[in-house]
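*Asks:* Mapped onto the UniProt record's numbering, the consecutive letters of the sequence shown carry residue numbers 1 to 158.
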Amino acid sequence: TVASAIEISRPVNLPKALRALHGMNGVVREVTDEEILEHRAMVARWGFGCEPASAASVAGLRKLLDEGVIGPDESVVCILTGHELKDPNATVQYHTGIDMKAAQDHAPRSEPTGRLVNRPVQVEDSLEAIVRAMGGNAEMLKGRSVSANKAPVPVAEY
Numbered sequence: 001t002v003a004s005a006i007e008i009s010r011p012v013n014l015p016k017a018l019r020a021l022h023g024m025n026g027v028v029r030e031v032t033d034e035e036i037l038e039h040r041a042m043v044a045r046w047g048f049g050c051e052p053a054s055a056a057s058v059a060g061l062r063k064l065l066d067e068g069v070i071g072p073d074e075s076v077v078c079i080l081t082g083h084e085l086k087d088p089n090a091t092v093q094y095h096t097g098i099d100m101k102a103a104q105d106h107a108p109r110s111e112p113t114g115r116l117v118n119r120p121v122q123v124e125d126s127l128e129a130i131v132r133a134m135g136g137n138a139e140m141l142k143g144r145s146v147s148a149n150k151a152p153v154p155v156a157e158y
């Protein structure tokens, strides 16, 4: 699986997890690598980063919503603990088709096929260029400055 952090044959905390699952009348669903990567990309579109194992919880939530196990008005929390750079190969391959591990052996590049593919775009290293690449314009930057002593304006303000 692409979710290496949950690919454990004998998890140390399995008894605790099963007690919690039974105590809360919980359910478990299996999700595919494709579902994990699609939901990891969806999480990223909302501005959050996570590694594939964390995205498995979001993929599982989608499956439970689709099955009607969880209703649309219910509150649910998905825990995203793993940093997005914990497994960069999965992210790079999903968005570019480049398998970084195989690239060392000069493996051919494949076309990415995911629904939420977001190909990287190279831009010059200026705030103006970054804003333009995100669909903004120079007017958005009026009255704002960036220097070595001042942090850039958060993207959320744009």
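Think of the CB as a built atom: it goes at the ideal place given N, C-alpha and C, for glycine as much as any other residue.
Please read all numbers here as calculations on a predicted model, not as lab measurements.
What does the Cβ neighbour count give for H83, buried or exposed, with the cut at 16 atoms within 10 Å?
*Replies:* Numbered from its first residue, the sequence shown carries residue 83 at position 83. Looking at its Cβ environment, which holds fewer than 16 other Cβ atoms inside 10 Å, H83 is exposed.
*Asks:* Where do the ends of the alpha helix (DSSP H) carrying A3 lie?
*Replies:* Within the sequence shown, numbered from 1, the residue matching residue 3 stands at position 3. First-last for A3: undefined, no H or E at that position.
*Asks:* Tell me the DSSP secondary structure of G60 in three-state form.
*Replies:* In the sequence shown, the residue the question calls residue 60 occupies position 60. Reduced to three states, the DSSP call for G60 is helix.
*Asks:* Between which two residues does the alpha helix (DSSP H) holding M42 run?
*Replies:* Translated into positions along the sequence shown, residue 42 becomes position 42. First-last of the alpha helix (DSSP H) with M42: 33-45.
*Asks:* So, are the CB atoms of D125 and S4 less than 8 Å apart?
*Replies:* On the sequence shown, residue 125 is found 125 positions in, with the first residue counted as 1. On the sequence shown, residue 4 is found 4 positions in, with the first residue counted as 1. Result no, Cβ atoms of D125 and S4 do not sit closer than 8 Å.
*Asks:* Whose CA, out of Q122, A56, M24, E38, lies closest to the CA of E7?
*Replies:* Within the sequence shown, the letter at position 7 stands for residue 7. For E7, the nearest C-alpha among the options comes from A56.
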